[in-house]
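Participant: Input: one structure, supplied below.
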Ligand code: SF4
Ligand code: SF4
């Protein structure tokens with residue numbers, strides 16, 4: 002069978018395996034929760050991840066439209082970009098798909114054609130992976146921007162300009178001062 | 235470059251489940267973006283906290299006092315005797331796990347140590363080891379462990395990843411309140427000078443000048459006067475707030491965040507317009523205080539004594555001015571303190587009267603002891619008695635949802651009043667899903683003094699469950715405004731929405747009220763309090779005039 006058909010036929014299995022692999026980048030107790038809780042409001046990380054992977058898979062096997070791909074990947078990466086992951090771990094989950102596809106449909110492919118098709122698919126996965134890194138960077142930039150803006154607001158520049166803020170004196174309240 | 239992982243390490247970490255060390259033995263890894271800077275020693279000194287010093291959470295040496303274990307043990311012992319609840323909470327947890335996945339910090343971070351049961355277990359394991367006979371005999375077999383520096387660091391790291399929101403307690407069959415355990419644990423950390431600066435400095439400022447920022451009375455008044463000008467521009471009416479008026483009927487206290495930070499400032503303008511309206515129509519007599527200029531009480535995040543000290547200022551001011559009762563603005567933990575602690579700390583207040591709404595005659599029996607009424611109760615009462623002329627059409631460009639702030643919702647049961655008010659001033663109101671509102675509301679992720687800048691990752695993760703529900707109503711109903719009745723929310727939620735749902739803005743409820751309120755003598759109001767055009771507002775009005 003041609004790869005395209007196999008990818009469509011085995012979509013559920015492949016996406017489930019991919020989801021499983023992504024979920025297992027979390028500690029075991031967390032992974033169990035992410036998989037079992039189906040309510041999207043009780044488990045936003047798990048359900049967002051599943052929905053995003055599902056959408057990204059469709060694009061990968063289909064049109065590869067950047068907008069659509071980004072719409073699927075952004076919610077997942079937006080979460081992983083702030084969690085306890087290195088950049089590789091946060092965005093690199095896309096590449097897990099290569100092995101999963103090989104494991105699932107590899108033996109059903111015809112030798113020569115199959116290899117070529119797989120290589121073409123790898124190239125698509127690489128493209129998606131790079132997009133994932135772009136999204137990751139965008140999220141990180143946003144986090145830094147938020148940190149910077151909040152700090153600026155927090156010192157209440159307007160108040161300071163107007164000389165309206167009194168800082169706590171260096172050496173405690175006047176009444177508590179000890180004579181040295 | 236030495237902190238870069240080797241490529242094969244990174245990828246292998248992706249491919250395999252992270253190793254499962256027993257949680258008790260895993261050393262704590264203090265990660266940037268997850269913790270707040272340590273308390274400035276001068277702020278700790280100012281309020282008389284012990285062991286003030288410079289120290290850095292990511293350095294090995296925390297410069298602990300030599301006998302820190304002894305201090306902690308004694309502190310633990312004393313508090314077990316003093317707070318029965320904590321002793322009970324230490325003993326009765328059956329580790330059923332019902333609370334485990336209910337914490338927004340666990341849901342957002344995916345870190346199992348943020349499961350409430352494990353957070354409590356951090357303290358409980360030491361409790362077992364030090365204070366129970368079985369623990370002394372069986373040690374680790376009984377789930378006990380001795381207090382080491384690593385355990386202390388773990389306490390610190392995870393007790394400042396709990397916003398004391400109490401969501402977990404709603405699901406515990408025994409009613410164990412992990413927030414109380416966190417409060418208790420943080421109090422112990424304070425004995426060793428281990429607070430964070432985002433708490434310690436506001437406390438020192440509040441103690442000295444009456445509010446978190448250290449704004450002095452004249453500057454506080456300057457800021458409100460500035461709002462008077464703004465209101466005159468938008469509404470065409472000059473409001474005349476009273477300050478420190480002796481013998482006024484009512485004292486108004488709100489968090490200072492409403493006075494100095496957007497979008498809280500528009501909520502403050504909302505209060506001013508409301509009071510003006512009530513004065514014009516009904517002779518309402520209310521005063522602001524430039525001394526009790528803070529409703530928020532960060533003392534709540536340090537120790538019971540400090541909370542009491544800061545709370546007492548509001549009552550001292552009420553006494554000085556000789557008011558009948560206090561009206562409280564849109565605040566979170568101010569209300570938790572009033573509702574749960576104030577009465578035993580500084581009450582009962584015998585120098586004021588049971589609050590009566592002078593306009594409707596309603597007696598607020600629920601506030602009989604504290605003499606303090608929530609502005610939402612007050613507004614709901616006014617609306618119920620048809621005392622406000624409202625034009626909700628002026629909020630028609632908004633599709634509004636409501637975030638139940640943990641403290642008023644879970645801490646005092648204020649669930650229906652804000653909704654009643656919003657529904658009377660807005661035509662488009664949409665609830666978020668049931669398991670994310672009312673008693674089950676998700677925290678903003680920045681409560682209990684965690685709304686600093688340096689712990690941004692923690693805050694964003696903590697806000698994910700809330701943001702996820704906001705996103706849902708945004709996508710489903712086009713919601714573009716998230717309303718709330720808490721100043722920390724108004725400071726924290728705009729950051730949350732900017733990251734997760736940039737299309738949604740944040741407002742206080744009194745801002746919505748003021749925009750809908752028809753003020754006697756107002757001019758044409760084609761903009762809202764923010765000075766933004768009301769879409770389609772000016773046009774139809776003019777057309778109507780033309781047709782006449
Ligand atoms: S729900 Fe209550 S009893 Fe069960 S693990 Fe949590 S704290 Fe313990
Ligand atoms: S009180 Fe709130 S933040 Fe703390 S453990 Fe419970 S759910 Fe989490």
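Protein chains in written order, with the numbering used here: chain D, 2 to 181; chain S, 235 to 782. By construction, the Cβ of each residue, glycine as well, lies at the ideal position given by its N, Cα and C atoms.
Have a look at residue 607(S) and residue 732(S) and give me their C-alpha separation to the nearest angstrom.
Facilitator: As a working note, residue 607(S) is residue 373 in the second chain. As a working note, residue 732(S) is residue 498 in the second chain. C-alpha separation (whole angstroms): 33 Å.
Participant: Give me the Cβ distance between residue 588(S) and residue 619(S), rounded to the nearest whole Å; I'm assuming they're in contact under 8 Å.
Facilitator: Here residue 588(S) is taken as the residue at index 354 of the second chain, counted from 1. Here residue 619(S) is taken as the residue at index 385 of the second chain, counted from 1. Incorrect: roughly 18 Å between the Cβ atoms, too far for contact.
Participant: By the 10 Å Cβ neighbour count, where 16 or more other Cβ atoms means buried, how is residue 413(S) classified, buried or exposed?
Facilitator: Here residue 413(S) corresponds to residue number 179 of the second chain, with the count starting at 1. The residue in question, residue 413(S), is buried, as its Cβ has 16 or more Cβ neighbours within 10 Å.
Participant: For residue 34(D), which residues in chain S fall below 7 Å Cβ to Cβ?
Facilitator: Here residue 34(D) refers to the residue found at position 33 when the first chain is read from its first residue. Residues of chain S passing the Cβ test: 335.
Participant: In chain D, which residues lie with their C-beta within 7 Å of the C-beta of residue 695(S)?
Facilitator: As a first step, residue 695(S) is located in the second chain; it is residue number 461 there, counting from the start. By Cβ distance, chain D contributes 83, 84.
Participant: Taking the continuous beta strand (DSSP E) assigned at residue 634(S), which residues delimit it?
Facilitator: The residue labelled residue 634(S) in the question sits at position 400 within the second chain. Counting along the chain, the beta strand (DSSP E) containing residue 634(S) begins and ends at 634-636.
Participant: Looking at ligand 1, does it come within less than 7 Å of residue 329(S), judged from the CB to the closest heavy atom?
Facilitator: The count along the second chain starts at 1 and reaches residue 329(S) at position 95. At least one heavy atom of ligand 1 is nearer than 7 Å to the Cβ of residue 329(S), so yes.
Participant: If you follow the beta strand (DSSP E) that residue 715(S) is in, where does it begin and where does it stop?
Facilitator: The count along the second chain starts at 1 and reaches residue 715(S) at position 481. Unbroken beta strand (DSSP E) run through residue 715(S): 715-718.
Participant: Less than 8 Å between C-beta atoms, sequence neighbours within five positions excluded: which residues of the same chain meet that for residue 419(S)?
Facilitator: Position 185 of the second chain holds residue 419(S). Excluding sequence neighbours, residue 419(S) sits near 356, 357, 389, 393.
Participant: For ligand 2, is there any heavy atom lying closer than 7 Å to the beta carbon of residue 413(S)?
Facilitator: As a first step, residue 413(S) must be located in the second chain, where it is residue number 179. True, at least one ligand heavy atom lies under 7 Å from that Cβ.
Participant: Would you kindly work out how many angstroms separate the C-alpha atoms of residue 671(S) and residue 679(S), rounded to a whole number?
Facilitator: Along the second chain, read from residue 1 onward, the residue named residue 671(S) stands at position 437. Along the second chain, read from residue 1 onward, the residue named residue 679(S) stands at position 445. Their backbone Cα atoms lie some 15 Å apart in a straight line.
Participant: Under the criterion of a Cβ to heavy atom distance below 7 Å, does residue 416(S) qualify as lining ligand 2?
Facilitator: Here residue 416(S) refers to the residue found at position 182 of the second chain. Checking the Cβ of residue 416(S) against ligand 2 gives yes.
Participant: Once you ignore the five residues that flank residue 648(S) on each side, which residues in its own chain have a CB closer than 7 Å to its CB?
Facilitator: By 1-based counting over the second chain, the position of residue 648(S) is 414. Excluding residues within five positions, the ones whose Cβ falls inside 7 Å are 608, 610, 642.
Participant: Using a Cβ-Cβ cutoff of less than 6 Å, which residues in the same chain neighbour residue 21(D) once the five nearest sequence positions on both sides are dropped?
Facilitator: The sequence position of residue 21(D) within the first chain is 20, counting from 1. Result list for residue 21(D): empty, nothing under 6 Å.
Participant: May I ask you to list the residues that DSSP assigns as paired with residue 606(S)?
Facilitator: Locating residue 606(S) in the second chain gives position 372, where the first residue counts as 1. Note: residue 606(S) sits in a beta bridge opposite 560(S).
Participant: Alpha carbons only, please: which of 68(D), 50(D), 143(D), 103(D) is nearest the one belonging to residue 8(D)?
Facilitator: Counted from its first residue, the first chain places residue 8(D) at position 7. It is 103(D).
Participant: Grab the span of the alpha helix (DSSP H) containing residue 741(S) for me, first residue to last.
Facilitator: If you number the second chain from 1, residue 741(S) lands on position 507. Careful: residue 741(S) lies outside any alpha helix (DSSP H), inside the beta strand (DSSP E) at 739-742.
Participant: Along the alpha helix (DSSP H) that carries residue 306(S), what are the first and last residues, could you check?
Facilitator: As a position in the second chain, residue 306(S) is number 72, starting the count at 1. 302-316 is the span of the alpha helix (DSSP H), which, as asked, contains residue 306(S).
Participant: Measure the CB-CB distance between residue 501(S) and residue 564(S) and report whether it falls below 8 Å.
Facilitator: Stepping through the second chain from its first residue, residue 501(S) is reached at position 267. Stepping through the second chain from its first residue, residue 564(S) is reached at position 330. Contact flag set, yes.
Participant: To the nearest angstrom, how far is it from the Cα of residue 757(S) to the Cα of residue 507(S)?
Facilitator: In the second chain, residue 757(S) corresponds to position 523, counting from 1. In the second chain, residue 507(S) corresponds to position 273, counting from 1. Going by the C-alpha atoms only, they are around 14 Å apart.
Participant: Is any heavy atom of ligand 4 found at a distance shorter than 7 Å from the C-beta of residue 720(S)?
Facilitator: Absence of ligand 4 is noted for the structure shown, with ligand 1 and ligand 2 being the only ligands found.
Participant: List, in chain order, every chain S residue whose beta-carbon is nearer than 9 Å to that of residue 148(D).
Facilitator: Residue 148(D) sits at position 147 when you count from the first residue of the first chain. 267, 687, 688, 690, listed in chain order.
Participant: Which residue marks the beginning of the beta strand (DSSP E) containing residue 803(S), and which one marks its end?
Facilitator: The shown model of chain S, from 235 to 782, leaves out residue 803(S), and the question about it has no answer.
Participant: Run through DSSP, which three-state label would residue 763(S) get?
Facilitator: Locating residue 763(S) in the second chain gives position 529, where the first residue counts as 1. Coil, per DSSP.
Participant: Using a Cβ-Cβ cut-off of 8 Å, state whether residue 341(S) counts as contacting chain D.
Facilitator: To locate residue 341(S), count along the second chain from 1; it is residue 107. Yes, residue 341(S) counts as interfacial toward chain D.
Participant: Is the region 131-146 of chain D touching the region 89-99 of chain D in the sense that three or more CB pairs, one from each, lie closer than 8 Å?
Facilitator: Segments in contact, yes.
Participant: How do the region 452-467 of chain S and the region 546-553 of chain S stand: do at least 3 beta-carbon pairs fall below 8 Å, yes or no?
Facilitator: Contact fails: fewer than three Cβ-Cβ distances are below 8 Å.
Participant: Could you give the first and the last residue of the continuous alpha helix (DSSP H) run that contains residue 734(S)?
Facilitator: Start at 1 with the first residue of the second chain, and residue 734(S) comes out as number 500. Taken as a continuous stretch (DSSP letters only), the alpha helix (DSSP H) holding residue 734(S) covers 721-734.
Participant: Kindly indicate which three-state DSSP category residue 319(S) falls into: helix, strand or coil?
Facilitator: Taking the first residue of the second chain as position 1, residue 319(S) is located at position 85. Residue 319(S): helix per DSSP, three-state reduction.
Participant: Can you name the residues of chain S whose CB is closer than 8 Å to the CB of residue 44(D)?
Facilitator: As a first step, residue 44(D) is located in the first chain; it is residue number 43 there, counting from the start. Ordered by position in chain S, the residues that pass the 8 Å Cβ test against residue 44(D) are 335, 341.
Participant: Starting from residue 522(S), follow the beta strand (DSSP E) in both directions and report where the run begins and ends.
Facilitator: In the second chain, residue 522(S) corresponds to position 288, counting from 1. It spans 520-522 - the beta strand (DSSP E) in which residue 522(S) sits, taken as one unbroken run.
Participant: Have a look at 85(D), 30(D), 105(D), 86(D) and flag the residue whose alpha-carbon is nearest the alpha-carbon of residue 19(D).
Facilitator: Here residue 19(D) corresponds to residue number 18 of the first chain, with the count starting at 1. That would be 105(D), whose Cα lies nearest to the Cα of residue 19(D).
Participant: Return the bridge partner residues of residue 473(S) from the DSSP annotation.
Facilitator: Taking the second chain and counting its residues from 1, one reaches residue 473(S) at position 239. None, per the DSSP bridge assignment.
Participant: Check the C-beta distance from residue 515(S) over to residue 754(S) and give it rounded, since I have them as a contact under 8 Å.
Facilitator: On the second chain, position 281 is the one that residue 515(S) refers to. On the second chain, position 520 is the one that residue 754(S) refers to. Their Cβ separation, rounded to whole angstroms, is 7 Å, which keeps residue 515(S) and residue 754(S) in contact under 8 Å.
Participant: Within the 8 Å Cβ cut-off, does residue 27(D) reach chain S?
Facilitator: Working through the first chain from its first residue, we reach residue 27(D) at position 26. True, the Cβ-Cβ gap to chain S drops below 8 Å.
Participant: With hydrogens ignored, establish whether the beta-carbon of residue 699(S) is closer than 7 Å to any heavy atom of ligand 1.
Facilitator: For the purposes of this step, residue 699(S) is taken as residue 465 along the second chain, with counting starting at 1. Answer for residue 699(S): no, Cβ out of range of ligand 1.
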